[in-house]
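For reference, the structure is listed below as structure tokens.
Numbering (UniProt numbering), first residue to last: 1 to 525.
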């Protein structure tokens, strides 16, 4: 691992490249499609991606439902704070379980945690699809959204951990970043399902069918998760070293018992976890802020979580129909077309960016997204102001165009890097808790988005957008001056960027080298 630090701009910019070396014998690039076991592993990982897809489905579902007169009539045309609480309730559910989620992930395992989350999402979706008519209608609907939010946060607190911890180090960046890009796939499915039922169905089935389909993806995930390997890092932490070694040899060594890299990786993970456990004994949640390195991690995680939700994207995710109404686009079919097209466009951009994340780097993508969002959102605001004063159809069309540009540049980093960057910068002993911290601030920011946005648009109209312009300015500055590049090293080696060469990973690397040399000597003998 080559570290190059520059003091320019007040940033400790770190350029990291993987090179063949004695202490980490990964050697030349490893095409996953040429390795039978890696092909099998990554195929099974697709089912873990459904956790993000489920979140995206809900994120676009409320948009689609608001275009349906049957849903509006059933719930007596919710607006303002009532519509806001409909959107915010999954965030409250997520906040409720955040204190328990890391203990589920660390105590019961990544697979079991995923299964528990899926069960809750299915239960919540059914309550939303069939709320009791009469006085208890809103309460039952809100309880369903609360339970679904709780389940989503549990499964999304375990799926990225399992993906990151079981992926081969050479593919970790792409695979982990792909996870959150599947949010857009769920959004696409929801948008076009709502469009289909809007044009082909009548009555309550219009909104009950897409609402009930929230069960589909967690149901599939619940059945498939048991066929995946458990995280080798979790297995080692529970004293199941032989099981962990078998997982690493099978998937990272392609089943070769003498594979040097699999043995080196096992030795490094084992040594690092042992040292982290000794250093963090009985520290609990306070370990998140015990060291300067961990405090810096937490600051970056909180910033990432807030920026992922409060950059203006929440306006479109949940209240696109409200925005379109303010620029004169009130036809429900037209709104559905725009919503559906926007979701497809966003997914294509984020998917493309995920495949370049290791070549371009995380920090560059964050900066590109931040600057692009600031510029496009500023033009969006200006065009909205022109429409408010003149009702010019050209200004309205320009707003729609800027929404597409905004979501295009946003997709380069958000939401793909939100989770992957978080789990990369965290050492194992606080990874589950750190990811929980990320989801906590994501949920809090989401509650702000979903509750405050409809009120802000209703009261201030286009003037409300200046709040997000200010946030975007702060976002660009924070990314430029404080975000650390993480492309290249293994999860254990990233600790050196925050804790220095005396970190657990630094010590463990020497032990891993000794273990590798033993394996090589046995091979030569």
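Using N, Cα and C, we set each Cβ at its ideal position, and we do this for glycine too.
The residue from 63, 220 and 41 with its alpha-carbon nearest to that of residue 343 is 63. Contact between the segment 41-55 and the segment 114-128 is established, with three or more Cβ pairs separated by less than 8 Å.
DSSP places residue 259 outside both helix and strand once states are collapsed to three, so it counts as coil. Assigned with DSSP and collapsed to three states, residue 68 falls in coil, not helix or strand. Following the DSSP letters along the chain, one finds residue 492 inside the alpha helix (DSSP H) bounded by residues 491-499. If you draw a straight line from the Cα of residue 293 to the Cα of residue 299, it is about 10 Å long. Considered as a whole, the segment 86-120 harbours 101-107 as its complete alpha helix (DSSP H) runs of no fewer than 4 residues, in chain order. Taking 8 Å as the cut-off, the Cβ atoms of residue 148 and residue 124 count as close. If you draw a straight line from the Cα of residue 201 to the Cα of residue 86, it is about 24 Å long. Rounded to whole angstroms, the separation of the alpha carbons of residue 168 and residue 34 is 14 Å.
When 481, 497, 454 and 441 are compared, the shortest CA-CA separation from residue 96 is found for 441. A direct Cα-Cα distance of roughly 28 Å separates residue 374 from residue 190. Counted as a single uninterrupted DSSP element, the alpha helix (DSSP H) harbouring residue 380 occupies residues 362-390.
Taking the Cα of residue 480 as reference, the smallest distance to any Cα among 408, 362, 499 and 434 is reached at 362.
Your pair residue 32 and residue 171 checks out as a contact, with CB atoms roughly 6 Å apart and the cut at 8 Å.
In summary, residue 132 is exposed, with fewer than 16 beta-carbon neighbours lying within 10 Å of its beta-carbon over all protein chains present. Scanning the segment 272-315 for uninterrupted alpha helix (DSSP H) segments of 4 residues or longer gives 292-309, listed from N- to C-terminal end. Distance between residue 163 and residue 45, taken at the CA atoms: about 7 Å. Counting the other CB atoms within 10 Å of its CB gives residue 74 a total of 16 or more, which places it among the buried residues. Taking the Cα positions, residue 392 is about 14 Å away from residue 325.
In the structure shown, residue 358 adopts helical secondary structure according to DSSP, grouped into three states. In the three-state reduction of the DSSP assignment, residue 152 falls in the helix class. Shortest Cα-Cα distance from residue 334 to any of 55, 199 and 262 involves 199. With fewer than three CB-CB distances shorter than 8 Å, the segment 392-406 does not count as touching the segment 421-440.
By the CB criterion at 8 Å, residue 464 and residue 413 fall outside the cutoff. In the displayed model, residue 481 falls within a helix according to three-state DSSP.
For residue 398, the enclosing alpha helix (DSSP H) has its first and last residue at 393-410. Only buried fits residue 165, as 16 or more other CB atoms lie within 10 angstroms of its CB.
Remark: C-beta atoms of residue 428 and residue 233 approach each other more closely than 8 Å. The beta carbon of residue 471 is closer than 7 Å to those of 310 and 311 in its chain, skipping five residues each way along the sequence. Taking a 10 Å sphere around the C-beta of residue 223, we find fewer than 16 other C-beta atoms and assign the residue as exposed.
One Cα belongs to residue 262, the other to residue 247, and the distance between them is close to 9 Å. Counting the other CB atoms within 10 Å of its CB gives residue 154 a total of 16 or more, which places it among the buried residues. Note on geometry: alpha-carbon atoms of residue 159 and residue 272 lie some 22 Å from one another. Rounded to whole angstroms, the Cβ separation of residue 129 and residue 212 is 4 Å, and the two are in contact under 8 Å. By the C-beta density criterion, residue 205 is exposed, having fewer than 16 other C-beta atoms within 10 angstroms.
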